[in-house]
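Residue numbers (the working numbering): 10 to 108. Heads up: the structure comes next, in structure tokens.
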């Protein structure tokens, strides 16, 4: 048996708390009978887990979208707006050496 830590309701925003309550209601309706105390705890745990899973998915997609811009060295030609020759020579001193 897994020993999952229960997610605290304090970790959720007000909108997410409402989602948790909606999920609890939905899951209890799925049971088709009156839930015992143990079943109510499990339903609450499952609802919290589902809402937290949705939140994590949203946050990770935002993180992917807001990724760091490319370094100028790895940028494509069309992405480069201006080129600084002196900065390029400072970065690569071997380019100054005579052949």
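Ideal Cβ placement from N, Cα and C applies to all residues, glycine included.
Quick one, which of 15, 66, 55 has its alpha-carbon nearest residue 31's?
Taking the chain shown and counting its residues from 1, one reaches residue 31 at position 22. Residue 31 has its Cα closest to that of 55, out of 15, 66, 55.
Pull up the distance between the alpha-carbon of residue 91 and that of residue 71, whole angstroms please.
For this step, residue 91 is matched to residue 82 along the chain shown. For this step, residue 71 is matched to residue 62 along the chain shown. Straight-line Cα distance between these residues: approximately 30 Å.
Quick check on the DSSP output: the alpha helix (DSSP H) that includes residue 185 runs from which residue to which?
Within the shown structure, residues of the chain are numbered from 10 to 108, placing residue 185 beyond reach of any answer.
Report the option in 100, 68, 99, 51 whose CA atom is closest to the CA atom of residue 15.
Here the question's residue 15 lines up with position 6 in the chain shown. Looking at the Cα atoms, 51 is the closest of the given residues.
Could you give the DSSP three-state label for residue 91: helix, strand or coil?
One-based indexing of the chain shown puts residue 91 at position 82. Residue state, collapsed to three classes: coil.
Using the C-alpha atoms, what's the distance from residue 68 back to residue 27?
Taking the first residue of the chain shown as 1, we reach residue 27 at position 18. Taking the first residue of the chain shown as 1, we reach residue 68 at position 59. For residue 27 and residue 68, the distance between alpha carbons rounds to 19 Å.
So which of 25, 24, 53, 22 has the shortest CA-CA distance to residue 37?
Stepping through the chain shown from its first residue, residue 37 is reached at position 28. Minimum Cα distance to residue 37 is reached at 53.
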